[in-house]
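Asks:
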Amino acid sequence: MWGACILAAWLVQPANLVVRDGDLTTPIPLLETQRGPMLRLEESLQAIGGALVRVGGDRYRWVVGGADIELTLGIAVARVRGKSEPLTAAPTVFDGKLLAPLALVTELLPRVALGYRYDARSGELRRAVLAAKAPVPPPRTAEPTRPPLVRPRQPVPRVVVVDAGHGGPDRGMTGPLTGGRRLYEKDITLGVAGEVRAALERLGVKVVMTRTKDTLIALADRGRMANEAKASVFLSIHVNAANPRWQNPGGARGFETYFLSEAKTDDERRVEQIENEAVKYEGEQEIDANDPLLFILNDMKQNEFLRESGDLAADVQASLGRVHPGPNRGVKQAGFRVLVRAFMPSVLIEVGFGSNRAESAWMASPEGQRALGNSIATATVAYLDRLERKGATGGGP
Ligand SMILES: [Zn+2]
Numbered sequence: 018m019w020g021a022c023i024l025a026a027w028l029v030q031p032a033n034l035v036v037r038d039g040d041l042t043t044p045i046p047l048l049e050t051q052r053g054p055m056l057r058l059e060e061s062l063q064a065i066g067g068a069l070v071r072v073g074g075d076r077y078r079w080v081v082g083g084a085d086i087e088l089t090l091g092i093a094v095a096r097v098r099g100k101s102e103p104l105t106a107a108p109t110v111f112d113g114k115l116l117a118p119l120a121l122v123t124e125l126l127p128r129v130a131l132g133y134r135y136d137a138r139s140g141e142l143r144r145a146v147l148a149a150k151a152p153v154p155p156p157r158t159a160e161p162t163r164p165p166l167v168r169p170r171q172p173v174p175r176v177v178v179v180d181a182g183h184g185g186p187d188r189g190m191t192g193p194l195t196g197g198r199r200l201y202e203k204d205i206t207l208g209v210a211g212e213v214r215a216a217l218e219r220l221g222v223k224v225v226m227t228r229t230k231d232t233l234i235a236l237a238d239r240g241r242m243a244n245e246a247k248a249s250v251f252l253s254i255h256v257n258a259a260n261p262r263w264q265n266p267g268g269a270r271g272f273e274t275y276f277l278s279e280a281k282t283d284d285e286r287r288v289e290q291i292e293n294e295a296v297k298y299e300g301e302q303e304i305d306a307n308d309p310l311l312f313i314l315n316d317m318k319q320n321e322f323l324r325e326s327g328d329l330a331a332d333v334q335a336s337l338g339r340v341h342p343g344p345n346r347g348v349k350q351a352g353f354r355v356l357v358r359a360f361m362p363s364v365l366i367e368v369g370f371g372s373n374r375a376e377s378a379w380m381a382s383p384e385g386q387r388a389l390g391n392s393i394a395t396a397t398v399a400y401l402d403r404l405e406r407k408g409a410t411g412g413g414p
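If you count the sequence shown from 1, position 236 lands on 253 in the working numbering, and the numbers rise without skipping.
(1) With a cut-off of 8 Å, do at least 3 Cβ pairs link the stretch 201 to 220 to the stretch 278 to 291?
(2) Quick one: is the Cβ of V256 within less than 7 Å of any heavy atom of ligand 1?
(3) Between H183 and ligand 1, is there a pair consisting of the residue's CB and a ligand heavy atom that are separated by less than 7 Å?
(4) Just the C-alpha distance for C22 and P108, rounded to the nearest angstrom, thanks.
(5) Please report the distance separating the alpha-carbon of N257 from that of G385.
(6) What is the DSSP secondary structure of E279, counted as helix, strand or coil?
(7) Would you kindly check if the distance between the Cβ of V177 and the Cβ of V250 is under 8 Å?
(8) Which residue from G197, A181, L194, Y201 puts its Cα closest to that of R188?
(9) Alpha carbon to alpha carbon, how far is G184 from P309? Give it in angstroms, no decimals.
(10) Of the residues N244, K114, L194, which one's Cα is nearest the Cα of E376?
(11) Closer than 7 Å: is that where the CB of G352 sits relative to any heavy atom of ligand 1?
(12) Could you work out which residue in A235, L236, G338, P261 is closest to E273 when comparing CA atoms only?
(13) For the beta strand (DSSP E) that S249 lies in, which residues bound it at each end?
(14) Three-state secondary structure (DSSP) at R358?
(15) Is it the case that the CB of G189 approaches a heavy atom of ligand 1 more closely than 7 Å?
(16) If you run the structure through DSSP and keep just helix, strand and coil, what is I291?
(17) Where do the ends of the alpha helix (DSSP H) carrying F322 lie?
(18) Using CA coordinates, which residue listed in A330, T227, K203, L34 is at the minimum distance from R241?
(19) For V36, which of helix, strand or coil comes out of DSSP?
(20) Looking at the unbroken beta strand (DSSP E) that takes in Q350, where does it start and where does it end?
(21) Whether or not the stretch 113 to 122 and the stretch 32 to 49 are in contact is what I'm after, with contact meaning three or more pairs of Cβ atoms, one per stretch, closer than 8 Å; do they touch?
(22) What do you reckon, is the C-beta of E87 under 7 Å from a heavy atom of ligand 1?
(23) Could you check where the alpha helix (DSSP H) with L126 kicks off and where it finishes?
(24) Residue ranges of each alpha helix (DSSP H) run of no fewer than 4 residues wholly in the stretch 39 to 104, ordered along the chain?
(25) At a cut-off of 7 Å, would you count E299 as near ligand 1, judging by its Cβ distance to the nearest heavy atom?
(26) Out of G91, K203, D332, point me to the one whose CA is closest to R52's CA.
(27) Quick check on G99: buried or exposed, where buried means 16 or more other Cβ atoms within 10 Å of its Cβ?
(28) Do V110 and A331 have their C-beta atoms within less than 8 Å of each other?
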């Protein structure tokens, strides 16, 4: 790509942007280019916040601080709330990573997102501590700025299917808890799913649970239930497990949200394989030559829900980023069987690593489960609101 060659020739000693979050400061290396200083956006997100998702060949969405910033490769204009915002340079891809102009985070971000201030004298981007880590307020009051009656009453109630991963003999992953006790994924997913349901119902959303007890439900049946319910959204809740071959498996932590597509990285393939293993509890009929996963995946690539699912995943990640103690591992994509048959915007949320002691204790606590549930529900409703404003009403095929 020509852009990369030009850029490479212009790279000089990098300077830093400093992100301050309370007492924590993180230096973000800058690349000097002929179009001014630029930064690697994806690698800066853990410090700056928000979730970045690729929504088309050359388009990206950065959901951050309540703002939704759309970037297009090669175009020095961002789109925010339907408005064009000029950038000092066009975003570009360099070394396979999205490179964005510094002014995107020092000028545009503080103007359009909540909780950011840039101090030009010290070169510090300051995050308001409250915006970064405060617990999500009760969902009823979560969005006080939105006028309550801007749209007519919904003719059809909103329906969200909440899927607690695993169950019955399929315990999912297992991890350490204090006092020699063990955490089982199937218990955490059921607890968090219950909190998602409670929060959504408080927000006037109808909820269908794939399971409310410790029972085994086939992966394909979970999506089928969502289709029958004519759900607007399908949320599948899971717990992550570190690969034992990693350098420090017990240290891995954080949250990530997947939408259905082909896994692209080793890490995505790892999670895909773990979650699809549940199929072995279902007998042979699920591995059917007439129903190969890849065929459906290829079909789904053309699917209208792919982009919507990516948007929903970005909303969930951004919302979890405000309550979760672990790092934001980003929006990811993989070929999950549980999502294959759900014909609506669908995501699979890995709410944390059960293999990490601190994170397993938090996920097993009522406070942790409530924070996760409220956060996922808030993101889902914000997503549905936006979908309706765009004119689509969701629903089944
Ligand atoms: Zn799982």
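Positions of the beta carbon are idealized from the N, C-alpha and C atoms, including for glycine.
All of these numbers come straight from a predicted model, not from anything done at the bench.
Replies: From the atom records:
(1) Fewer than three pairs of CB atoms, one per stretch, sit closer than 8 Å, so the stretch 201 to 220 makes no contact with the stretch 278 to 291.
(2) yes
(3) yes
(4) Low confidence applies to C22: its pLDDT is 42, below 50, so where it sits in the model is not reliable, and the reading given next is rough at best. Between C22 and P108, the C-alpha separation is close to 15 Å.
(5) If I take the Cα positions, the gap works out to 16 Å.
(6) Reduced to three states, the DSSP call for E279 is coil.
(7) yes
(8) Y201
(9) With a pLDDT of only 49 at P309, under the threshold of 50, the placement of this residue in the model should not be trusted, and no figure is reported.
(10) L194
(11) no
(12) Closest option to E273, judged by alpha-carbon separation, among A235, L236, G338, P261: G338.
(13) Note, S249: premise wrong, no beta strand (DSSP E); not H, not E.
(14) If DSSP states are grouped into helix, strand and coil, R358 belongs with coil.
(15) yes
(16) helix
(17) 322 to 337
(18) T227
(19) strand
(20) 345 to 351
(21) yes
(22) no
(23) Looking at the DSSP string, the run of the alpha helix (DSSP H) that includes L126 is 126 to 129.
(24) For the stretch 39 to 104, whole alpha helix (DSSP H) runs of length 4 or above, ordered along the chain, are 58 to 65.
(25) No, Cβ of E299 sits at least 7 Å from all heavy atoms of ligand 1.
(26) Nearest option by C-alpha distance: G91.
(27) exposed
(28) no
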